[in-house]
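See structure below.
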């Protein structure tokens, strides 16, 4: 499993698609509670857009909501350059077992390749769509970007090997054989993998906010609207980031609002720490209270 070698398949986390029972209700929570910009899609879904990063405040579509009977992860998309070696990705997929299929260019991005592992986890690599031509109205609530996706899968070690061998994701940290943290660049993790689900599912989607001072404003605003925080504020061990978790009441979709994530710059000397499940006091929340049962499910 790759720990720190330079990736030969350049990519970055792009977006995630999730099915929810009532996309309009989930979108209302995202817009009213957290300031996401929401726009309709031609396929009947909805896109949620973030505000952009410090150095590049360009709005980005990071979350697509589609109608479904239950809340379920549909796909995770990685942004890749136009000259990405798709043939190499297909060759690797053939060697690791997942089915690979070409994806046509469309509103969501350029032509690419989708890889689906035996459990049904669908990973798409494609050039991103052109950014929005105009900046969005400024709101201090709106997250900057999608930072990581934490998925639940039937076989966490198997999916971890797939991410490392197929996409060159680098292992940053590990908790037993049940929770893995992977990065695509220097940020500590952009993809989390945990066991505990018969089908690929989303545990949480993590969106970066401005920093410690932003939590008070965001949480006060959510409380004014009648929404409650599920867990936090706190500080994780892996990644050392600050966190607050909230859930959309209509779908149960969990969002982590995070800031101050650690970065790994010295690849040559970095060794991924390994914790055990019994180390929860040092991993889940270094500051204090254990997570609620809803978070562990």
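Numbering (this note's numbering), first residue to last: 2 to 298.
Where is the CB? At the ideal position from N, CA and C, for every residue including glycine.
Just so it is clear, the structure is predicted and the values come from calculations on it, not from any experiment.
List the endpoints of the continuous beta strand (DSSP E) containing residue i.
i: residue 181; result: 180 to 184
i: residue 16; result: 13 to 21
i: residue 127; result: 123 to 127
State the beta-bridge partners of residue i as determined by DSSP.
i: residue 260; result: 243
i: residue 41; result: 47
i: residue 235; result: 244
i: residue 145; result: Residue 145 pairs with nothing; no bridge assigned.
Determine the DSSP secondary structure at residue i, reduced to helix, strand or coil.
i: residue 140; result: coil
i: residue 51; result: strand
i: residue 151; result: strand
i: residue 5; result: Low local confidence applies: a pLDDT of 49 at residue 5 is under 50, so the model's placement there is unreliable, and no value is given.
i: residue 268; result: coil
i: residue 287; result: coil
i: residue 281; result: helix
i: residue 34; result: helix
For the putative contact between residue i and residue j, defined by C-beta atoms under 8 Å, what is the C-beta separation to the nearest angstrom?
i: residue 144; j: residue 51; result: 5 Å
i: residue 86; j: residue 172; result: Wrong, their Cβ atoms sit about 22 Å apart, outside the cutoff.
i: residue 130; j: residue 109; result: 6 Å
i: residue 243; j: residue 236; result: 6 Å
i: residue 1; j: residue 233; result: In this structure the chain extends from 2 to 298, so residue 1 is not present and cannot be described.
i: residue 185; j: residue 12; result: 6 Å
i: residue 262; j: residue 240; result: 5 Å
i: residue 117; j: residue 99; result: 6 Å
i: residue 147; j: residue 63; result: 4 Å
i: residue 193; j: residue 208; result: At roughly 14 Å, the Cβ-Cβ gap does not stay under 8 Å, so residue 193 and residue 208 are not in contact.
i: residue 260; j: residue 212; result: 5 Å
i: residue 313; j: residue 104; result: Absent from the structure is residue 313, since the part of the chain shown begins at 2 and ends at 298.
Which residue marks the beginning of the alpha helix (DSSP H) containing residue i, and which one marks its end?
i: residue 26; result: 24 to 29
i: residue 294; result: 294 to 297
Quick one: which unbroken beta strand (DSSP E) runs of 3-plus residues sit fully inside the segment 154 to 229? Chain order, please. Fully contained in the segment 154 to 229 are the following beta strand (DSSP E) runs of length 3 or more, in chain order: 171 to 176, 180 to 184, 192 to 195 and 202 to 209.
Which full runs of the alpha helix (DSSP H) of 4+ residues lie inside the segment 63 to 121, going along the chain? Secondary structure in the segment 63 to 121: the alpha helix (DSSP H) runs of 4 residues or longer, each lying completely within the stretch, are 87 to 97 in chain order.
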